[in-house]
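Everything in the sequence shown is counted per my numbering, starting at 48 for the first residue and increasing by one.
A quick write-up on the structure given underneath.
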Amino acid sequence: MTSFGSLLAGFGAGLSLIVAIGAQNAFVLRQGLRREHLAPIVAVCIASDAVLIVAGVAGVGALIQAAPFALAVVRWAGAAFLLAYAVIAARRALNPGALAASGPPARTTLTAAVTTAVALTWLNPHVYLDTVVLLGSLASGHGPDGRWPFAWGAVAGSTLWFSLLGFGAKFLAPVFARPGAWRVLDGGIAVLMTVLAVLLVVH
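See below:
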């Protein structure tokens with residue numbers, strides 16, 4: 048396979064793993080709708096994915112597979128964080144005063160937003176298995192000349208997805224001009240985070 052073919056394969060593989068309903072994507076979508084600290088959050092997600100993808104292609108996946116205890120620690124820490132975030136989302140859904148997209152009571156600080164993005168990314172054990180182990184294994188199948196184009200393709204896919212999800216969310220703003228829509232979104236996020244936390248623990 049040519050380098051361009053490997054790049055396209057990486058692009059497709061990266062998108063297929065990232066485009067899914069998950070805690071990280073739900074958070075980026077919500078911040079995109081609020082247009083709040085969006086650029087730093089998108090940058091954190093893209094940079095994190097790039098680091099993980101490069102690590103996988105460089106061979107770190109084998110080390111992760113050999114350290115199940117480390118993944119167990121990440122799994123429990125991630126579950127605890129997801130449950131805490133689920134409680135916060137549920138409180139927003141139940142409190143009509145916190146549903147406005149731009150009111151002072153509903154705003155979060157830049158530090159809190161970036162910290163949440165970092166935690167939702169790095170405290171998810173599946174990101175290590177999917178991004179590092181799986182993408183690393185797929186890249187190795189493209190040989191020494193094709194694995195790095197594969198990696199750059201996967202990074203490009205991640206960059207495209209998070210940019211579209213975050214900055215494209217503004218087109219849904221008219222739908223979320225009603226407080227009821229925010230109630231539904233936050234309620235859905237609370238349920239999603241709870242389910243993901245339970246799945247982390249039982250699997």
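Just so you know, even glycine gets a beta-carbon here, dropped at the ideal spot from N, CA and C.
How is P221 classed by DSSP in three states: helix, strand or coil?
Taking the sequence shown and counting its residues from 1, one reaches residue 221 at position 174. Look at P221 here: in three-state DSSP terms it is coil, with no helix or strand label.
Reduced DSSP secondary structure (H/G/I, E/B, other) of L129:
To locate residue 129, count along the sequence shown from 1; it is residue 82. Reduced to three states, the DSSP call for L129 is helix.
Meets three-Cβ-pair contact criterion under 8 Å: the region 80–96 and the region 118–134:
The region 80–96 vs the region 118–134: no contact.
Using only the alpha-carbon positions, how far apart do G258 and G234 sit?
The shown model of the chain, from 48 to 250, leaves out residue 258, and the question about it has no answer.
Just tell me which of F214, R194, R138, F209 has its CA closest to the CA of L64.
Counting from 1 along the sequence shown, the entry for residue 64 is found at position 17. If we check each option's Cα against that of L64, F209 comes out closest.
The region 154–162 touching the region 209–225, judged by at least three CB pairs closer than 8 Å:
Cβ pair count under 8 Å is below three, so no.
Relative to the alpha-carbon of T206, which residue among V231, F58, S53 has its alpha-carbon at the smallest distance?
For the purposes of this step, residue 206 is taken as residue 159 along the sequence shown, with counting starting at 1. Nearest Cα to T206 within the set V231, F58, S53: F58.
Suppose only complete runs of 4+ residues qualify. What are the alpha helix (DSSP H) ranges in the region 166–237, listed by chain order?
Counting only runs of at least 4 residues, the region 166–237 fully encloses the following alpha helix (DSSP H) elements, listed from N- to C-terminal order: 182–187, 190–214.
Write down the C-beta distance between G61 and L182 rounded to the nearest angstrom, noting that I regard them as a contact closer than 8 Å.
Reading the sequence shown from its first residue, position 14 is the one you call residue 61. Reading the sequence shown from its first residue, position 135 is the one you call residue 182. Rounded, the Cβ-Cβ distance is 7 Å, consistent with contact.
Within the same chain, show all residues whose beta-carbon is closer than 7 Å to that of L170, passing over the 5 residues directly before and after it, in chain order.
Within the sequence shown, numbered from 1, the residue matching residue 170 stands at position 123. Around L170: V121, A124, G125, F128.
For G106, which of helix, strand or coil comes out of DSSP?
Locating residue 106 in the sequence shown gives position 59, counting from the first residue. Here G106 sits in coil by DSSP.
Measure how close the beta-carbons of G190 and L55 come, nearest whole angstrom, since I'm counting them as under 8 Å.
Numbered from its first residue, the sequence shown carries residue 190 at position 143. Numbered from its first residue, the sequence shown carries residue 55 at position 8. That pair is no contact at about 15 Å.
Roughly how many angstroms separate the alpha carbons of R139 and R230, rounded to a whole number?
Taking the first residue of the sequence shown as 1, we reach residue 139 at position 92. Taking the first residue of the sequence shown as 1, we reach residue 230 at position 183. Note on geometry: alpha-carbon atoms of R139 and R230 lie some 7 Å from one another.
Three-state secondary structure assigned by DSSP to N142:
To locate residue 142, count along the sequence shown from 1; it is residue 95. DSSP, read as helix, strand or coil, puts N142 in coil.
Which one of G193, V66, P115, A137 has the shortest CA to CA distance from L232?
One-based indexing of the sequence shown puts residue 232 at position 185. Minimum Cα distance to L232 is reached at A137.
Does DSSP put F58 in a helix, a strand or coil?
Counted from its first residue, the sequence shown places residue 58 at position 11. If DSSP states are grouped into helix, strand and coil, F58 belongs with the helices.
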